[in-house]
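*Asks:*
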Amino acid sequence: MPIKVNEGGSNARYEEAAEVVRATGKLRTQQGESAKFAVDLASIRASYKAKRKFIKALAALGG
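Residue numbers (UniProt numbering): 1 to 63.
Pasting the structure below:
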């Protein structure tokens, strides 16, 4: 999902990717799809668990 995460180890890239995830969550909530987003978010966290800085960036956004 977040292509920027795969581009390398820049903190800015992780923050940018986390922002994309946050924006997606906001849109899903507006469309009444919060449960679907929760599933997506869990999948993202599982897929990118080795990217600790990205996971930290998600947490900082409340994701």
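For every residue, glycine included, the Cβ atom is placed at its ideal position computed from N, Cα and C.
Since we're looking at a predicted model, the values are computed, not measured.
Which same chain residues, not among the five before or five after N11, have their C-beta less than 7 Å away from its C-beta?
*Replies:* Counted from its first residue, the sequence shown places residue 11 at position 11. When the five nearest sequence neighbours on each side are left out, the beta carbons in the same chain lying within less than 7 Å of the beta carbon of N11 are those of K53, in order along the chain.
*Asks:* Where A60 and A23 are concerned, what is the direct C-alpha to C-alpha distance, given to the nearest angstrom?
*Replies:* One-based indexing of the sequence shown puts residue 60 at position 60. One-based indexing of the sequence shown puts residue 23 at position 23. If I take the Cα positions, the gap works out to 14 Å.
*Asks:* Buried or exposed for V21, going by 16 or more other Cβ atoms inside 10 Å?
*Replies:* Sequence index remark: in the sequence shown, residue 21 carries index 21 (1-based). By the 10 Å Cβ count, V21 comes out buried.
*Asks:* Using 8 Å as the limit for Cβ to Cβ distance, is G32 near chain E?
*Replies:* Among the protein chains of the structure shown there is no chain E, as only one such chain exists.
*Asks:* Out of A46, G25 and R45, point me to the one whose CA is closest to K36's CA.
*Replies:* Here residue 36 corresponds to residue number 36 of the sequence shown, with the count starting at 1. The shortest C-alpha separation from K36 is found at G25.
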